[in-house]
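Q:
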Amino acid sequence: MSGPGKDEAATLVEKPTAVDGLHYVNYGDQRESPYLSAIRQLISQDLSEPYSIYVYRYFLYQWPDLCFMALDKDENLIGVIVCKLEPHRGGPMRGYIAMLATRQQHRGQGIASALVRMAVEKMIAKDADEIALETEVDNEPSLRIYAHLGFIRTKRLHRYYLNGNTAFRLILYLKPGIPYKHTYPPEYGGPSDGGGLMDEDLVARQAAQLQLEDVEGETHDVTGGNTYR
Amino acid sequence: MSDTVSRLHQEAEEAKRVWTPRVKDITQDFTTASNKLEGGQLVKDEWFTLFESVGALEIMDPKMDSGYVPPDDTFEADFDPVRPLDLPEVLWVIDQIHSLEILWHAGYPLSQTVFTSLHMDRILDPQQPRMPSLYLHAADKEVNAALTEEQSLGHALLTAYCVAVAKCCALVVELVQSQNYYEEEDFVTHMFGRELLPRVSLEEALELVDAATSRLRKSKTVDAEMKEALQQRMIFRTTFLCALADGGDESRWERMVGLLGRIKTSHEIAKPLPEAFSEKVQRQLATSTPPRPMLTTSWDEACKKWTKMIEDVVAVNRLTDINIVQSPASLQRAMWAFSYRGEPFALPRAIIQDCLFGDQAIRGQIPQYDLLLADIRDLVLAGDPIADPASFQVEVTTDPRHICSRLMEGFMDKAIEEYLNFYRMVCQNRCRIRRLFTQSIAILDAMEMEAMKVDRELIKSSPGLKLNDPKSGRAVSLSPLSSWAKFYRLRILAWTIQLGFETEIYLPYELAGMYWFLSRLSEQRNDLIQQVLLFTVGRAKRLGKDRNALADCLLSEQYLQSLHAMYEITRLLAEALWKLFTLLTSTGVVKKPKQDFTTQQLLYEARMKPYLCLTNDTVPSADDFALATTQNASLEQTCTDIDDCIKSAKELLVKARKLTPEQAKFVGTDEEWKREVKGLEATCIAVTVACSQVRSAGKKYGEDHLAKRLECKIERRWAEWWVVPSVKVKADTKP
Ligand SMILES: CC(C)(COP(=O)(O)OP(=O)(O)OC[C@H]1O[C@@H](n2cnc3c(N)ncnc32)[C@H](O)[C@@H]1OP(=O)(O)O)[C@@H](O)C(=O)NCCC(=O)NCCS
Chain A
35 MSGPGKDEAA TLVEKPTAVD GLHYVNYGDQ RESPYLSAIR QLISQDLSEP YSIYVYRYFL
95 YQWPDLCFMA LDKDENLIGV IVCKLEPHRG GPMRGYIAML ATRQQHRGQG IASALVRMAV
155 EKMIAKDADE IALETEVDNE PSLRIYAHLG FIRTKRLHRY YLNGNTAFRL ILYLKPGIPY
215 KHTYPPEYGG PSDGGGLMDE DLVARQAAQL QLEDVEGETH DVTGGNTYR
Chain B
1454 MSDTVSRLHQ EAEEAKRVWT PRVKDITQDF TTASNKLEGG QLVKDEWFTL FESVGALEIM
1514 DPKMDSGYVP PDDTFEADFD PVRPLDLPEV LWVIDQIHSL EILWHAGYPL SQTVFTSLHM
1574 DRILDPQQPR MPSLYLHAAD KEVNAALTEE QSLGHALLTA YCVAVAKCCA LVVELVQSQN
1634 YYEEEDFVTH MFGRELLPRV SLEEALELVD AATSRLRKSK TVDAEMKEAL QQRMIFRTTF
1694 LCALADGGDE SRWERMVGLL GRIKTSHEIA KPLPEAFSEK VQRQLATSTP PRPMLTTSWD
1754 EACKKWTKMI EDVVAVNRLT DINIVQSPAS LQRAMWAFSY RGEPFALPRA IIQDCLFGDQ
1814 AIRGQIPQYD LLLADIRDLV LAGDPIADPA SFQVEVTTDP RHICSRLMEG FMDKAIEEYL
1874 NFYRMVCQNR CRIRRLFTQS IAILDAMEME AMKVDRELIK SSPGLKLNDP KSGRAVSLSP
1934 LSSWAKFYRL RILAWTIQLG FETEIYLPYE LAGMYWFLSR LSEQRNDLIQ QVLLFTVGRA
1994 KRLGKDRNAL ADCLLSEQYL QSLHAMYEIT RLLAEALWKL FTLLTSTGVV KKPKQDFTTQ
2054 QLLYEARMKP YLCLTNDTVP SADDFALATT QNASLEQTCT DIDDCIKSAK ELLVKARKLT
2114 PEQAKFVGTD EEWKREVKGL EATCIAVTVA CSQVRSAGKK YGEDHLAKRL ECKIERRWAE
2174 WWVVPSVKVK ADTKP
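From first to last, the protein sequence lines are chains A and B. Taking this note's numbering, the leading residue of the first sequence gets 35, the next gets one more, and so forth. Taking this note's numbering, the leading residue of the second sequence gets 1454, the next gets one more, and so forth.
Take a look at the structure:
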């Protein structure tokens, strides 16, 4: 996820401003925290198209413990990471990093790296087998953060985002033997299974915005369930 | 999840069926319903999934709600499609639709392209009678009556043009959907609740265009230049429409290329009418996507894209020429050649698939089974009665040829689908090609198992499969089908790695290991080819009189030798790069990230996941990889080894240059073959240059200081499938 960035997303800030009283906190168990709107605002700054409030709620309501925030001395939101963790197709316990952002003027000081570390550690504590995410192929800062932690690129996803940008799928295994774990194939011909099965309105939007559920477990079906003349 | 999705599908279907453009005020219903909840209360429906959350819209949010009308704005666009137009304006509208249409071909939705034309919108209005017209409402008729002759002609041309565009789009959707493609990634077939004039027949559309065009031709007032410009567009449109409809006549596509050139220049006399296009149209389309901008493109860019697309279709005809499709290996090269014409759009990709797979026969002429049989014959069974089509006609049940043919048929039944996928996969987008091949490996592995079983049966009835090995003197036997399956398994495995290089899947520190794996695979491939060659040569010796079979054997021998040469080049280059990257990584020039949360073993499993399923081969272990990428030899020795590899590769490339299309089976793709060889030569040079940089820097600064002194960029400039380090001394460390 961590959707399509705007063009200026990766511009290097000349001199990042140090954050006074920087500290990190967990989102906590408040289902609708006062930070929600700040989170939403920070994330949507770097999106070409906004997520609905339901997307944020989807994650924060179910996995508040996997959301971490960087705050300044006045408790203003400087950075945030939003994740989920659940079994992937009946197989490995998969963590998923959905959103990550640092405020423009405070980038390049390791804030995002610290947030990712916290999330990864929390997922390990919660017995995750693997962690996945997608990021745009030219998002250098993000690719660097994850490479440092040991994520590798497993797939390139053509025109993954609504704005037509291409993504990498990144994976980090946390336990040995994951490739041998049984998973169930995707239950339907989702977006990544091709063959024009997704020509319906609602599903189409979902497909383009985040194909996260399907891409990994795609079935081998080059013919996409079409009938040929 | 499946329930949710099928429900969504169903809902979308229903929405489509009953959808009519009317606006209903739901404020009251909504308020009543929401009053039943407490303020701030969150309700999580069990079925509310991530998909739904992303599909959800916030009503009245201008960035999300495509029906939202800002306070000082109007719901509908101001432009009236029945407004009288000058012909230069008509020309501009036509060209604008033409530009937007190619963006649709390039993968953008109709809602941001063709549908933003208010003329198209009028023609596609669900309230239109069977034959649509611009004059839909009562008041429009009055406008119509007041038009001058030229204005009326303009409307007639525009109406006909829009109808024809709609029909073209409908046919394109049909063609694309008849073949494999990835919705949203490659193409968007979504109609947003609109229909593309299903009740207007092709003939009626053509008649409409013809009638308008002949009115234009007869006009005494329209000046010659304008007349010519408008005519070109109408002719282009009918040509495109007819070509899409019956595909038969190839010369049509060629003519279109010429027409496009003329259309491009005559655009100069058009008079802009931007108000005839508006993204407000989206407010009335059935969609849950947020409002999205109408796309724009320059006229030159649009023309370039159109020409490229039509030329790609012309290339389909060239690349599926009868001489090519008779040779499976040549046809496979032709598919790659097509795919590397700068990623063709969905339409040409559908057309090439249709050529190959329509009517169960390649180009409607060569049955698909014949292609598979020819492939098996060319690779492993040239000159052997087992793969001779005549054997399949033998009816005497005790005849070994009859027995073998049934066994072959049994195998081919199981293999044909995946075999045809080899061709089809190459027609997909580059990211997909790699992933599809990755998934193919397990299927081929299973196919190889199946082939082994059949091979054991074949050997019982077929003396030609046994031989005394001239070297060892021992009796050996050929396992033709499993060798064939293994050939493809190894080839596709190697391709997934090389496509990984192309799509930047590997981080720099992984390259040493992946090149080592590739060189190892190439070695395996060549062992296999040598084994097969032994039998092909042996068979040729025994054939004596049978001239046809002998000719087959000789051709196959040459082909196998050409494959051997190319795999040897791959092996040598891969070995050179493996050693070079090992050196660069171990000296710290290529940096390995800290990777706090992982281990060697975990990284290995994540990287090798697609290959760990193999049962017919031992996949190298994490330790094997670690060992292979440990720097043992001295820097000097390593550089010498690299140079030796490159020297041998270059010698083989000289030979490769001399191979004929028949020998190496690149019939019809000579140019591409030359380009490939050239790319490999350039890669050799780049490796040599990088190696000598490292060597001299090593001498000058000492091995331990290379990391500080050298900087390394990973480049893929010389050949698509080869990533090469470009090494230079850092500017600030110059003496
Ligand atoms: C990606 C993002 C979260 C990084 O935040 P951050 O707090 O600046 O990140 P960090 O300081 O921890 O680390 C960034 C890394 O990228 C590097 N970097 C920063 N800006 C860069 C740039 N413009 N180009 C290249 N590298 C850059 C840093 O040097 C650092 O790498 P290093 O550890 O090797 O030195 C931030 O850029 C952002 O909010 N972007 C928009 C949203 C987004 O893209 N999210 C990620 C999608 S998963």
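Where a beta carbon is used, it is the ideal one built from N, C-alpha and C, also for glycine.
Given this structure, state the Cα-to-Cα distance separating A:V53 from A:L100, to the nearest angstrom.
A: C-alpha separation (whole angstroms): 23 Å.
Q: Give the straight-line distance between the Cα atoms of B:M1905 and A:L206, rounded to the nearest whole angstrom.
A: Between B:M1905 and A:L206, the alpha-carbon positions lie close to 37 Å from each other.
Q: Should B:R1877 go down as buried or exposed, given a rule of 16 or more other Cβ atoms within 10 Å for buried?
A: buried
Q: Restricting to runs no shorter than 4 residues, where is the alpha helix (DSSP H) found entirely within the segment 1566-1629 of chain B?
A: Counting whole runs of 4 or more residues, the segment 1566-1629 of chain B contains the alpha helix (DSSP H) stretches 1571-1576, 1591-1598.
Q: Along the alpha helix (DSSP H) that carries A:A146, what are the first and last residues, could you check?
A: 145-159
Q: Any idea what DSSP makes of A:Y207, helix, strand or coil?
A: strand
Q: Report the residue from B:L1490, B:D1639, B:N1488 whose alpha carbon sits nearest the alpha carbon of B:P1801.
A: B:D1639
Q: Over the uninterrupted beta strand (DSSP E) stretch that includes A:Y130, give me the two end residues.
A: 127-136
Q: Do we get a CB-CB distance below 8 Å when we pair B:I1958 with the residues of chain A?
A: Yes - at least one Cβ of chain A is within 8 Å of the one on B:I1958.
Q: Consider the Cβ of A:R190: report whether some Cβ of chain B lies at a distance smaller than 8 Å.
A: Closer than 8 Å to some Cβ of chain B, the Cβ of A:R190 qualifies, so yes.
Q: So which residues on chain B does A:V114 lean against when the C-beta distance must stay under 9 Å?
A: Residues of chain B passing the Cβ test: none, with the nearest at roughly 18 Å.
Q: Across which residues does DSSP place B:S1930 in a beta bridge pair?
A: DSSP output for B:S1930 lists B:K1919 as bridge partner(s).
Q: At which residues does the beta strand (DSSP E) containing B:K1867 begin and terminate?
A: Where B:K1867 is concerned, there is no enclosing beta strand (DSSP E), although the alpha helix (DSSP H) it sits in stretches over 1853-1879.
Q: Cβ of B:M1788 less than 8 Å from any chain A Cβ?
A: no
Q: Please classify A:C101: does DSSP put it in a helix, a strand, or coil?
A: coil
Q: Counting along the chain, where does the beta strand (DSSP E) carrying A:C117 start and finish?
A: 111-121
Q: Excluding five sequence neighbours on each side, which residues of the same chain lie with their C-beta closer than 6 Å to the C-beta of B:T2038?
A: Excluding positions up to five away in sequence, the list reads Y1962, A1965.
Q: Runs of 4 residues minimum, wholly inside the segment 1706-1782 of chain B: which ones carry the alpha helix (DSSP H) assignment?
A: 1752-1772, 1775-1778
Q: Tell me which residues of the segment 79-112 of chain A have at least one Cβ-Cβ distance to chain B shorter than 9 Å, keeping chain order.
A: E83, P84, Y85, S86, I87, Y88, V89, Y90, R91, Y92, F93, Y95, Q96
Q: Whole alpha helix (DSSP H) runs in the segment 1950-2011 of chain B with 4 or more residues, listed along the chain?
A: 1964-1996
Q: Looking at the C-beta of A:R128, does it have a partner C-beta in chain B at a distance below 8 Å?
A: no
Q: Return the residues of the segment 1500-1521 of chain B that lie within a Cβ-Cβ distance of less than 9 Å from chain A, sorted by chain order.
A: F1501, T1502, L1503, F1504, E1505, S1506, V1507, G1508, A1509, L1510, E1511, D1514, K1516, M1517
Q: Taking Cβ-Cβ distances shorter than 9 Å, what residues in chain A pair up with B:A1899?
A: Residues of chain A with a Cβ closer than 9 Å to the Cβ of B:A1899 do not exist; the shortest Cβ-Cβ separation is about 11 Å.
Q: Is there a Cβ of chain A sitting closer than 8 Å to that of B:F2208, yes or no?
A: Nothing about residue 2208 of chain B can be read from this structure; chain B reaches only from 1454 to 2188.
Q: Tell me whether A:T200, by its Cβ, gets closer than 7 Å to a heavy atom of ligand 1.
A: no
Q: Looking only at its chain, what residues have a beta carbon closer than 7 Å to the beta carbon of A:R239, apart from the 5 residues adjacent to it on each side?
A: Because the pLDDT of A:R239 is 31, which lies under 50, any placement of that residue in the model is unreliable, and the question is left without a value.
Q: Report the rounded CA-to-CA distance for B:L2008 versus B:S1704, giving the unit in angstroms.
A: 34 Å
Q: Nearest to B:K2127 by alpha carbon, out of B:K2111, B:L1834, B:I1576, B:N1979?
A: B:K2111
Q: Compute the beta-carbon to beta-carbon distance between B:F1970 and B:P2073, rounded to the nearest angstrom, for a pair I have assumed lies under 8 Å.
A: 7 Å
Q: Using only CA atoms, which one of B:G1508, B:L1490, B:D2005, B:A1843 lies nearest to B:G1836?
A: B:D2005
Q: In the segment 2141-2183 of chain B, which residue ranges form an unbroken alpha helix (DSSP H) of at least 4 residues, counting only runs that do not cross its ends?
A: 2159-2162
Q: So, is B:R1927 buried or exposed, given that buried needs 16 or more other C-beta atoms within 10 angstroms?
A: exposed
Q: Using a cut-off of 8 Å between C-beta atoms, extract the partners of A:Y218 located in chain B.
A: Those within 8 Å of A:Y218 in chain B number zero; the least Cβ separation is about 10 Å.
Q: Indicate the three-state DSSP secondary structure (helix, strand or coil) for A:R263 in the structure shown.
A: For A:R263, the predicted structure reports a pLDDT of 24, less than 50, and the residue's modelled location is therefore unreliable. The matter cannot be settled from this model.
Q: Return the residue from the list B:P1744, B:H1720, B:A1723, B:I1722 that minimises the CA-CA distance to B:S1731.
A: From the listed residues B:P1744, B:H1720, B:A1723, B:I1722, the smallest Cα separation to B:S1731 is found for B:P1744.
Q: Between B:R1786 and the rest of its own chain, which residues show a CB-CB distance below 6 Å, the 5 nearest in sequence each way excluded?
A: F2119, T2122
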